[in-house]
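Peer 1: Just so we're aligned, residue 201 is where the sequence shown starts under this note's numbering, counting upward by one.
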Amino acid sequence: MKKHFLIAGIAALMLAACNNKPASELTLSGLDPAKFQTEVNNAQTALYTLKNKAGMEVCITNFGGRIVSIMVPDKNGKMQDVVLGFDSIADYINVPSDFGASIGRYANRINQGRFVLDGDTIQLPQNNFGHCLHGGPKGWQYQVYEANLIDPTTLELTLISPDGDANFPGNVTAKVTYQLTDDNAIDIKYSATTDKKTIINMTNHSYFNLAGDPSKTSTDNIMYVNADYYTPVDSTFMTTGEIAPVKDTPMDFTTPKAVGKDINNYDFVQLKNGNGYDHNWVLNTKGDISQVAARLTSPETGITLEVYTNEPGIQVYTGNFLDGTVSGKKGIVYNQRASVCLETQHYPDSPNKADWPSVVLEPGQTYNSECIFKFSTEK
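1. Do Leu410 and Thr501 have their CB atoms nearer than 9 Å?
2. Starting from Asp428 and walking both ways along the beta strand (DSSP E), at which residues does that stretch end?
3. With distances taken from CA atoms, which of Leu228, Ile350, Ala243 is nearest Lys278?
4. In three-state terms, what does DSSP make of Ser576?
5. Return yes when at least one heavy atom of the ligand SAH lies under 8 Å from the C-beta of Ala290, else no.
6. Using 10 angstroms around the beta-carbon of Asp549, count the other beta-carbons present and answer buried if the total reaches 16, otherwise exposed.
7. On the criterion of 16 or more Cβ atoms from any shown chain inside 10 Å, does Val482 qualify as buried, or is it exposed?
8. Give a yes or no on contact between the stretch 237–255 and the stretch 535–545, applying the rule of three or more CB pairs nearer than 8 Å.
9. Is it buried or exposed, Thr566, if we count other Cβ atoms within 10 angstroms and call 16 or more buried?
10. Using a Cβ-Cβ cut-off of 8 Å (strictly less than) and excluding sequence neighbours within five positions of Ile400, which residues of its own chain qualify?
11. Confirm, please, whether the CB-CB distance from Gln515 to Asn328 is below 9 Å.
12. Measuring alpha carbon to alpha carbon, tell me which of Lys275, Glu257, Asp274 ends up nearest Val268.
13. Please list the terminal residues of the continuous alpha helix (DSSP H) segment that includes Gly474.
14. Which same chain residues, not among the five before or five after Leu231, have their C-beta less than 7 Å away from its C-beta?
15. Taking a contact to mean a Cβ-Cβ separation below 9 Å, would you say Glu506 touches Ala494 in this structure?
16. Give the list of continuous alpha helix (DSSP H) stretches no shorter than 4 residues that lie fully inside the stretch 462–522.
17. Straight-line CA distance for Asp478 to Leu380?
18. Just the C-alpha distance for Gln244 and Pro445, rounded to the nearest angstrom, thanks.
19. For the alpha helix (DSSP H) containing Asp291, name the first residue and the last one.
20. Tell me the rounded alpha-carbon separation between Met402 and Phe368.
21. Would you please state the rounded distance, in angstroms, between the beta carbons of Glu442 and Pro432? I believe it to be under 8 Å.
22. Apart from the five residues just before and just after Ser490, which ones in its own chain have a Cβ nearer than 8 Å to its Cβ?
23. Could you check whether Lys574 and Asn608 sit closer than 9 Å to each other, using their CB atoms as the reference points?
24. What residues are listed by DSSP as bridge partners for Asp320?
25. How should Gly364 be labelled, buried or exposed, when 16 other C-beta atoms within 10 angstroms of its C-beta is the threshold for buried?
26. Tell me the DSSP secondary structure of Asp365 in three-state form.
27. For the structure I just gave you, are there three or more beta carbon pairs, one from the stretch 417–428 and one from the stretch 309–317, closer than 8 Å?
28. I need the DSSP call for Tyr567, collapsed to helix, strand or coil.
Here it is as structure tokens:
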């Protein structure tokens, strides 16, 4: 009897080990997993591949919890890679970017990198026009998550962020779980706990090019945003505290229109300030994840992306700062507006806006956020 238990135990351990092994063959998107294997801060990086019964493939590296490629069928059944990124871990390390990253501790900007918590003023790194952007220059997108490939469709990533990490308070344990469903959706669940009062705001920063060709802009994409209001920004991209109506402005995507229809209308000060769209929309969904928060469609490929979330806001960023100086997968140069980012999150600078939804996390509480990227095609 003991022998049988021993064999069963060894088999279970082997299965667990197999589940945590990254892919070894070239992926459907053409990535070589060997090029993602290295050590960063004494932690091993790798590439993990999720596949569903429909043939969709998602590749993720635990360096920054990044989506590296997403292969989905277009209207003709041809598989297309619809996100920007790099073909090796060396590029992710050497070329600072947010491509595909799991952002933390705080997605988006905090004014002058300062906020007050229980009377204490906390100063964070200032890395963007004097503000703290995406957790600072050593945010979680540059950290190595511990990876657990639970099954062929589910990857769990865990990061332990120590008290004082980029001056944020509290020892935080954060998890990001990517699950690829059989109806071609990527369900991303975030959770975090802390031992000291802190702030948390996580998101995914994938740069979508639904044409599957990042040498082309995404300004012809038809976009819908389920929001009657947005949060204006100043010339440093910082939210002013105002919540303004989109009606009768270029910010109105309640009726679907091309991303590029009004994008260069710099007579409208918000598009000048944002260098295009780089704004948070106040979602009408009010945390109801069953409602579509945003939708993006490529007229060329027919590929449609629907976004669902329990978050109150979504940051739409149209790749305004891509400038042709970075080459991504397959050596393709990334020019301005080669992509659209749809980042579900709490509003920027919420710690300094008392009347906005709170981002404070207390000991004993669990932060939970969810974003679903669902793909389909239109003929």
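Ideal Cβ placement from N, Cα and C applies to all residues, glycine included.
Peer 2: A quick look at the data gives this:
1. yes
2. 427–431
3. Leu228
4. Strand.
5. Judged by which ligands are present, the structure shown has none, so any question about the ligand SAH falls away.
6. buried
7. With 16 or more other Cβ atoms inside 10 Å of its own Cβ, Val482 counts as buried.
8. They do not touch, by the three-pair rule.
9. exposed
10. Gly304, Arg305, Tyr306, Val372, Ala374, Ala392, Thr394, Val559, Leu561, Tyr567
11. no
12. Glu257
13. 469–474
14. Leu247, Cys259, Val268, Ser269, Asp287
15. A contact, by the Cβ cut-off of 9 Å.
16. 469–474
17. The alpha-carbon atoms of Asp478 and Leu380 are separated by roughly 28 Å.
18. 47 Å
19. 289–294
20. 14 Å
21. About 5 Å separates the Cβ atoms of Glu442 and Pro432, confirming a contact at the 8 Å cut-off.
22. The answer, listed in chain order, is Tyr508.
23. In the structure displayed, the chain extends from 201 to 579; residue 608 sits before or after that span and is not available.
24. In DSSP, Asp320 forms a bridge with Leu317.
25. exposed
26. helix
27. These segments do not touch.
28. strand
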